[in-house]
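The C-terminal position of the sequence shown is numbered 263 in the numbering used here, with every residue numbered one higher than the one before it.
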Amino acid sequence: MKLTRWQFLLISTLLMLIILAIGTDRYFAIVRQERLEEIRQIEEENERLIKKARQAQEQIRIMDERLTELEEMLLNLQRTEQIVSGASPSRGRRQYTVTTMPILSPSGFSPARFERAFKGTGMAGLGQAICLAEAETGINALVLAGICAHESGWGRSRIAKEKNNLAGLGAYDGREYSAGIRFDSRADSIMYLARLLAMHYAPGGKHFGGSHDLQGIGARYASDPRWAVKVAGCMKMIAEVEGER
19 MKLTRWQFLL ISTLLMLIIL AIGTDRYFAI VRQERLEEIR QIEEENERLI KKARQAQEQI
79 RIMDERLTEL EEMLLNLQRT EQIVSGASPS RGRRQYTVTT MPILSPSGFS PARFERAFKG
139 TGMAGLGQAI CLAEAETGIN ALVLAGICAH ESGWGRSRIA KEKNNLAGLG AYDGREYSAG
199 IRFDSRADSI MYLARLLAMH YAPGGKHFGG SHDLQGIGAR YASDPRWAVK VAGCMKMIAE
259 VEGER
């Protein structure tokens, strides 16, 4: 069949429209896919930024908590040093001394601070154990260090070396070695001492000596009437090392 000119033009136009329609659909499909990919990438970037923001918030929270802990530690350290130096402000009508301060007061001392004081002695390496004992029982770490230093001759006594007993626990006059308790480690003896002071030398405990401080503890802990003063002397030596450096 022979097509007239107008029929040819009509068919050609229809074919072009069909081709354009197909091409347009394909173009829009490609554009739509590209936009979807862009949206997906934007969402992923937003999720990544939100995650980073949350991590930053958590880091800020942790840093804020750490700063609060450090401020409290420095305040406790300042109070302890004031008492040890004899310059502590009075509370009410009472002014605490090393032998009369409550042993449940926090020391503010760090393991590193103790290690500087223990350097060259038989107590080197015990800073962490002493601070952990304070954290668990509340017994002032400087008090624990002073008792151990006095009772063990700064870690050099026979019972300290052979039985890991730094505080003369279970030892009696004339039977210091044979009756002393044996511990698996020096850290164990420190924790035992801290728990003993926290439970049995506290008010209501079976060894309570009238006050929960060095004076009261010394009344039942040792036969030497100057025990509290001697322990206090060791505490002062430990505390003063930092000042010298």
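Just so you know, even glycine gets a beta-carbon here, dropped at the ideal spot from N, CA and C.
Any idea if residue i is buried or exposed, counting beta-carbon neighbours within 10 angstroms, 16 or more meaning buried?
i      : result
Tyr219 : buried
Pro124 : buried
Ala167 : buried
Leu28  : exposed
Ile165 : buried
Met34  : exposed
Ser207 : buried
Glu169 : buried
Cβ of residue i within 8 Å of Cβ of residue j?
i      : j      : result
Gly171 : Leu187 : no
Ala147 : Arg204 : yes
Ala151 : Met217 : no
Ala237 : Gly227 : yes
Leu215 : Ile121 : yes
Thr155 : Arg97  : no
Ile177 : Ala163 : no
Rounding to the nearest angstrom, what Cα-Cα distance links residue i and residue j in this structure?
i      : j      : result
Ser175 : Asn182 : 10 Å
Tyr239 : His225 : 8 Å
Arg44  : Glu62  : 27 Å
Ser266 : Ala71  : Outside the modelled stretch of the chain, which goes from 19 to 263, sits residue 266, for which no answer is possible.
Asp231 : Ala246 : 9 Å
Arg134 : Asn158 : 18 Å
Gly104 : Arg244 : 18 Å
Leu144 : Phe132 : 8 Å
Ile235 : Lys137 : 28 Å
Glu76  : Leu211 : 38 Å
Ile68  : Thr139 : 53 Å
Ala277 : Leu95  : Lying outside 19 to 263, the shown extent of the chain, residue 277 is not represented and no answer is given.
Ala257 : Arg66  : 49 Å
Val161 : Ala74  : 40 Å
Leu54  : Gly126 : 59 Å
Val116 : Glu180 : 31 Å
Arg58  : Arg50  : 12 Å
Ser241 : Gln233 : 12 Å
Ala142 : Asn64  : 52 Å
Ile40  : Thr31  : 14 Å
Ala250 : Thr118 : 10 Å
Glu99  : Ile60  : 57 Å
Ala47  : Ile37  : 15 Å
Asp202 : Lys254 : 29 Å
Thr22  : Glu52  : 45 Å
Tyr114 : Lys248 : 17 Å
Among all the DSSP beta bridges, which residues are the ones paired with residue i?
i      : result
Tyr114 : Tyr114 is not bridged to any residue.
_Could you tell me which whole alpha helix (DSSP H) segments of length 4 or greater appear in the region 171-247?_
The region 171-247 contains these whole alpha helix (DSSP H) runs: 176-181, 204-217 and 232-239.
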